[in-house]
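Quick note, our numbering runs 10 ahead of the 1-based positions in the sequence shown. We put the beta carbon where it would ideally sit given N, CA and C, even for glycine.
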Amino acid sequence: MFITIKGDNRLNKICCILLLLLLWPASPLSAKKTEELLKMDTEALFDLPLEELLDIEITSAGKMAEKISEIPASVYIVTREDIKKYGYQTVAEIFRHIPGFFTIYDYSEDNIGLRGLLNDNDMIIMVNGVVQHESEINMFLLPPEAIDRIEIVKGPMSVIYGSGAFLGSINIVTNHIPYGAPLSMASVSYGSLNTYQGFARVSGEKAAFNYTLNASVYGTDGVQEDYTRMADMSLYASEAERYPQVHTKSDGNLERQSKAFNIAAAYNDLHIDFQYNQGESGIFEGFSFYNGSDEKVQNIAAQIYYQHDVTYTMQMAGKITYSYASVEETLDTYPPDIYSPDSIQTNTGREDRFEAEFDLTWKPMATFSMITGLNYKTFFNTSYHTRIPLPLEYGGSSLYARYESSDRNTRSVFAQLNYKPADQWKLVAGARLEQFLKFDSQGMMRLPGQNEQFGSLNKFNTDENVWFIPRFGVIWSPADQHIFKLMYGEANKPYSLENIANLEIESDVVIQLEPEEIETLEFNYLLSYSEFCFKLNLFLNNIENLRTIRLVKNDEDELIKVMDNSGVMVNYGSELIFSAEPFKNLGLELSATYQEFDDRGEKGRNMSHSPNLLLGAKMNYGWGPLTFGISGIYTDAMEPFTPDEDDEIKEIFNASDAYFITSCNLRYDHKSTGLYAALNISNIFDEEVRYPATDNAQFKYGLIDKGRVCMATIGWKF
């Protein structure tokens, strides 16, 4: 029975903090060999035979150290060595080259997709195990050189991480310190489109204390393209003729700048992590008249984590996490003869997040282990404000609107059991009980010169049901080289800040929005030898309660847009990955992902922004101080977004064509001095990459991404 704690939300927070303060110190629980593998230098890690890589243990999949071969999920690891060999320039570029992932840049943000779904807070993203406020990649502005390892776990992870781990979890590690060899370095890069990057890292270790600090700056002019190649300008001919100052090119409108800072420190069993990201980018929100539209984002995450051994077989751990996200948009899209020349729309939003968790890990014998925990989290100070200019006939003033939400609180308890009845078998069973407490979401508007507000809207997310989220897995290894995994898992996804801001404030219809739900059935087969490794993954996703927008009548018999949970989708597919090291200095990887969608909702339409086929190929070779890496990715055609309110509008937008791009990287490392230099060329053959229209950029012919980009880097490891 799930016990509901009633009372002031602040009391809940205080109780969680007091609970964590009851922890006491002791020695580490992990075995020496596990510690050595976890802290191994990434270069040494890369030199391990492929079959031994499956014995490396990670914690992000289950909050306790588990071998990759025994994790009940599909796992993919990107190492610092991979990043070095292929010369990835951004985090989005890294994910573009991970099997099963694809990206879409819609002139507002880098959207990443997995298993045919564009990420909309569908994955838990962590940095050094710290859950980030949002799972949008453009909120993670650390350069690739700061990354030691990325751990990708595909499949529902809500049992371990709670709501939001819809498609899986991603842990970006930036605080890795190899035994006796802390890594400090500095580098500068410059290349096409006036792209620059500066990066510095300092790390150290002394006795029981270690620390890692990463800092970076980044800037680029961004995509330089003519909108006439993407939009049907006949729709805007009158505007372009009438307003000669209207921007018909992206030159100077899609620039990006960012700063990032990250520090992680540990003393014995106490760990502290702090991250700060700040970015400003030009965005497309309709054709600009003067200076273009832009967006500023800030993201802060801080965590205190403490663990200790109660006994030789039992470990207790607790953490407190705080995060903050804000956004500020300035939209320059108003005709100067209808509005005043300086008419600009501004949108600002912010949200804070607090989370406390207490975990207990018990391993009484080699064949049995268990982890259980209590979790409380709340989103607070949620607000979104907008100022919309009014035409000159209304005096050139502005209409003000605000969207606010009361605290959104979630509490849960979870447990997962691992049992090995025999050397060849491992059974995994877990469950989470999670409850979303009621909250209000309100939208208000106020006309200029008036104090009276109107358009109030109240919505509640649930009736405080307790959600039961299960997870099961069976792993069978009849021989060391063969591993079979059969897994079932569920997950859900509640409101996000964006969902709340998009609720229609004109509506007086109260809709109860339930969390979106997913059920996933997966089968994995791994074949591993010292020279090659083969992975096959088959998956079936049943997605229900998808939030969709539809037209309904209000009390005045007017048609209005509302959001409900009427969407139903079935998604199925397969993933193949073949890795090989036929020679010591030669590495190969081939991958293929195929996926289909079956829309079982009211529309019965094709899934937008979902390529059926994804292909990838990588090869790297090293001789002496030189390393050469080359990669290619193929992304199938994609359907554009389809507005719900009018099926005829679908014909305005074209599907995007498939594309194949090739990139290469040449790097020189001087071992004795630590100096290095690299030349990276992305999209060598200048292939035109078009993404289908999105809700942010409604271009008939799709959005054109950057062509060939060259970047040169020099750095020093010390």
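Around the beta-carbon of residue 217, fewer than 16 other beta-carbon atoms lie within 10 Å, marking it exposed.
With a cutoff of 7 Å on beta-carbon distance, residue 207 and residue 199 are scored as near each other. DSSP places residue 334 within a strand segment (E or B) once states are collapsed to three.
Residue pairing by DSSP places residue 628 opposite 599, 641 in a beta bridge.
When the beta-carbon positions are compared, residue 547 and residue 580 stay at least 7 Å from each other. Taking the Cα of residue 90 as reference, the smallest distance to any Cα among 157, 287, 176 is reached at 157. Collapsing the DSSP output to three states places residue 621 in coil.
Distances from the CA of residue 123 to each of 717, 673, 685, 648 were compared; the closest alpha carbon is that of 648. Per DSSP, the continuous alpha helix (DSSP H) segment holding residue 168 begins and ends at 168 to 171. Between residue 354 and residue 340, the gap from beta carbon to beta carbon is short of 7 Å. Exclusion of the five residues before and after residue 115 leaves 715 as the residues of its chain whose Cβ lies within less than 6 Å of its Cβ. The DSSP-derived three-state label of residue 699 is coil. In the three-state reduction of the DSSP assignment, residue 584 falls in the strand class. Judged by DSSP in its simplified three-state form, residue 269 adopts strand. DSSP, read as helix, strand or coil, puts residue 92 in helix. The Cβ atoms of residue 241 and residue 271 lie no closer than 7 Å to each other. Shortest Cα-Cα distance from residue 639 to any of 125, 645, 630 involves 630. Residue pairing for residue 370: DSSP places it in a beta bridge opposite 326, 382.
Between residue 634 and the set 594, 668, 343, 641, the nearest pair of CA atoms involves 594.
One thing to note: residue 192 has its Cβ no nearer than 7 Å to the Cβ of residue 155. The beta carbon of residue 93 sits closer than 8 Å to the beta carbons of 104, 154, 155, 157 from its chain, once the five residues preceding and following it are set aside; these are given in chain order.
The count of Cβ pairs closer than 8 Å, one atom from the stretch 428 to 447 and one from the stretch 481 to 492, reaches three, so the stretches are in contact. In the three-state DSSP reduction, residue 79 falls in the helix class (H, G or I). A distance below 6 Å between beta-carbons, with the five flanking residues on each side excluded, links residue 370 to the following residues of its chain, in chain order: 326, 382.
Setting aside the 5 residues that flank it on each side, residue 219 is surrounded in the same chain by 277, each with a C-beta closer than 6 Å to its C-beta; the list follows chain order.
Here the alpha carbons of residue 186 and residue 97 stand approximately 20 Å from one another.
When beta bridges are read from the DSSP output, residue 387 appears opposite 365, 420. When C-alpha distances from residue 410 are compared across 221, 128, 400, 167, the shortest belongs to 400. Proximity of the stretch 308 to 328 to the stretch 257 to 269 falls short of the contact definition, fewer than three beta-carbon pairs being nearer than 8 Å.
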